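First up is the structure itself, then whatever we jot down about it.
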Amino acid sequence: MIPLSAFTLELLAGLPLAAVLVAIARIDLRSRRVPDALSLPLLAAGLILALLTGASLSDHLAGAVLGWAVFAAIGWAFWRLRGIEGLGLGDAKLLGAAGAWLGWQALPALVALASIGALVAALIRPRMRQGEIAFAPFLGAAFALMWAARLAVRQAGVG
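First residue of the sequence shown? That's 14 in my numbering, and the numbers climb one at a time after it.
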């Protein structure tokens, strides 16, 4: 058996990652839900990948916990203040999964990138401003972009 490098494992993991992120985006656009059946295995896969590649498990575990906790707290606060759901737990679990794959250090940039994407979409499509915005597609796109950028940087030998 040929041993796989950490980079090869990460590159191969990107294929099912992309498929799951596309599925989550499509479901959220239709139903405003992020299924646990997709987000929780994604979170587990990120932690397993960290173990297999020798990445800092504590950084990735912290990313999972912080990603979930920050969005869950924001969602809870919005619900308490406004009486309606503003950020669902599905988004929190998806951000937790992103933290499991990318580590806690990537979370601020990921949230900023997803938020900018959602803001641009709302400006382009005025209809989005009047109702709910499915945020998981923007989180997923930012997650995928950051994963691809991470692989490109590693391949270039910079990181």
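Glycine residues also receive a C-beta, built at the ideal position from the N, C-alpha and C atoms. A quick note: this is a predicted structure, and the numbers were derived from the prediction, not measured.
Same chain only: Cβ atoms within 7 Å of residue i, ignoring 5 sequence neighbours per side
i	result
I87	L100
Own chain, CB closer than 8 Å to residue i, minus 5 neighbours either side, in chain order
i	result
L60	L70, H73, L74, A77 and A113
R43	none
R45	G101, E145 and A147
S128	F151
E98	G88, F91 and W92
Outcome for residue i when other beta-carbon atoms lying within 10 angstroms are tallied against a minimum of 16
i	result
A119	buried
G103	buried
F20	exposed
Residue i at chain B interface by Cβ criterion, 7 Å
i	result
A154	In summary, chain B is missing from the structure at hand, where a single protein chain is found.
CB of residue i within 7 Å of CB of residue j, strictly
i	j	result
A165	L123	no
V35	L107	no
A38	P150	yes
A105	W81	yes
A110	L22	no
Same chain, Cβ closer than 6 Å to residue i, five either side skipped, listed in chain order
i	result
L53	none
Whole-number beta carbon distance between residue j and residue i, since they are thought to touch under 8 Å
i	j	result
G27	W160	6 Å
L115	L158	At roughly 11 Å, the Cβ-Cβ gap does not stay under 8 Å, so L115 and L158 are not in contact.
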